[in-house]
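A short worksheet on the structure shown next.
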Amino acid sequence: MSSFQLETTDGHVIHGLDWPTQTTPRAVVVIVHGMSEHAARYGALASRLAAAGYQVYAHDHRGHGAHCPQPGWFAAQDGWSRVVDDLREVVDYAAAQHPELPLVLYGHSMGSFISRAFFLRYGHRLSGLVLSATGYRQRVMARVMRSVARLAARLGGAAKPSRFMTRLVFGSFNLGFLPARTPVDWLSRDAAQVDAYINDPLCGRLPTPQLWIDLFGGVLEMEQ
Numbered sequence: 032m033s034s035f036q037l038e039t040t041d042g043h044v045i046h047g048l049d050w051p052t053q054t055t056p057r058a059v060v061v062i063v064h065g066m067s068e069h070a071a072r073y074g075a076l077a078s079r080l081a082a083a084g085y086q087v088y089a090h091d092h093r094g095h096g097a098h099c100p101q102p103g104w105f106a107a108q109d110g111w112s113r114v115v116d117d118l119r120e121v122v123d124y125a126a127a128q129h130p131e132l133p134l135v136l137y138g139h140s141m142g143s144f145i146s147r148a149f150f151l152r153y154g155h156r157l158s159g160l161v162l163s164a165t166g167y168r169q170r171v172m173a174r175v176m177r178s179v180a181r182l183a184a185r186l187g188g189a190a191k192p193s194r195f196m197t198r199l200v201f202g203s204f205n206l207g208f209l210p211a212r213t214p215v216d217w218l219s220r221d222a223a224q225v226d227a228y229i230n231d232p233l234c235g236r237l238p239t240p241q242l243w244i245d246l247f248g249g250v251l252e253m254e255q
């Protein structure tokens, strides 16, 4: 595994990782991580893919990972478009390293929505799209939740991490796992992975209301 950095037109520095295959390469896979986690969490998956002949890349979204100045925050304006365009930068970088190979996106949870938005804008750059823990037919929910996030931003500040919004969105997720061992049993059936998430200081950071506004706005854009 090695790291790379890319600078965007607005001065943001993208921090990424790549896992080169030691066999004849079959394709490029770009992993797009979820909310409140980071690219390195996918190291086991990336290593398995690399062993199977795939060149793997992943990057930390804005507001995520070890290098973000403001956890849980995309941008003051156009945050959704910025994270989608960050992914475009990573895809272009990966494709330039291996122009002869097909390229596949793998997006998980929030990363699946970012990947879907990328596909709608730049789908011609992809040979495949894999979505994990995504959702659909969520227009009404997204509209309501975006309105609540806007209210939370007005009351508590758009850039302040919001425990209220986190509880509102994720609060019911553990109900199917009662009696629960941890507050995030819903993350995985693998208890070791749940514990790794809890013990990782770069995981579980609270998103800001503005990130929720950006995310639900992106969902509405895709549902049109």
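Quick note, the working numbering runs 31 ahead of the 1-based positions in the sequence shown.
Backbone N, C-alpha and C fix where the C-beta goes; we use that ideal spot for every residue, glycine too.
Which word fits residue i, buried or exposed, when buried means at least 16 other C-beta atoms lie within 10 angstroms of its C-beta?
| i | result |
| --- | --- |
| T32 | It is Met, not Thr, that sits at residue 32 in the sequence shown. Exposed is the call here. |
| I244 | buried |
| H69 | buried |
| A164 | exposed |
| R185 | exposed |
| G142 | buried |
| S7 | Absent from the model: residue 7. The displayed extent of the chain is 32 to 255, so no value can be given. |
Give the straight-line distance between the Cα atoms of residue i and residue j, rounded to the nearest whole angstrom.
| i | j | result |
| --- | --- | --- |
| F195 | R174 | 17 Å |
| Y137 | A127 | 18 Å |
| D226 | L182 | 33 Å |
| T54 | V87 | 13 Å |
| E252 | F204 | 25 Å |
| A58 | A75 | 18 Å |
| L160 | F247 | 21 Å |
| T197 | W217 | 14 Å |
| G84 | G188 | 47 Å |
| M172 | E254 | 11 Å |
| V135 | V60 | 5 Å |
| H139 | A223 | 19 Å |
| A107 | T52 | 38 Å |
| R212 | V200 | 20 Å |
| H95 | L151 | 24 Å |
| A89 | F144 | 16 Å |
| R170 | V250 | 7 Å |
| S112 | N230 | 31 Å |
| A97 | R156 | 29 Å |
| Y73 | G65 | 10 Å |
| D109 | E131 | 33 Å |
| A71 | D221 | 18 Å |
| A180 | S193 | 9 Å |
| D49 | F149 | 20 Å |
| G202 | P56 | 42 Å |
| R168 | H129 | 36 Å |
| S219 | Y153 | 31 Å |
| G166 | P214 | 22 Å |
| A190 | Y228 | 24 Å |
| L242 | L233 | 17 Å |
At a threshold of 7 Å, does residue i count as lining the ligand NAD (C-beta to nearest heavy atom)?
| i | result |
| --- | --- |
| G202 | Because no ligand of any kind appears in the structure shown, any question about the ligand NAD cannot be addressed here. |
From the DSSP output, read off the bridge partner residues of residue i.
| i | result |
| --- | --- |
| A89 | L48 and I62 |
| H139 | S163 |
| S34 | L48 |
| L218 | Per DSSP, none; premise fails for L218. |
| L134 | V59 |
Roughly how far, in whole angstroms, is the beta-carbon of residue i from the beta-carbon of residue j, given that I think they are within contact range, below 8 Å?
| i | j | result |
| --- | --- | --- |
| H92 | V114 | 5 Å |
| G47 | S34 | 7 Å |
| D117 | I45 | 6 Å |
| S146 | L162 | 7 Å |
Can you check whether the C-beta of residue i is within less than 8 Å of a C-beta belonging to chain C?
| i | result |
| --- | --- |
| A71 | Judged by its chain identifiers, the structure shown contains no chain C, having just a single protein chain. |
Requested in this report: Count the C-beta pairs between the stretch 37-45 and the stretch 207-221 that are closer than 8 Å, then say yes if the count reaches three, no if not.
Outcome: no
Requested in this report: Kindly confirm or deny that the stretch 97-107 and the stretch 220-238 touch, where touching means at least three C-beta pairs closer than 8 Å.
Outcome: yes
Query - Stretch-stretch touch, CB-based, cutoff 8 Å, three pairs: the stretch 66-85 with the stretch 115-122 - result: no
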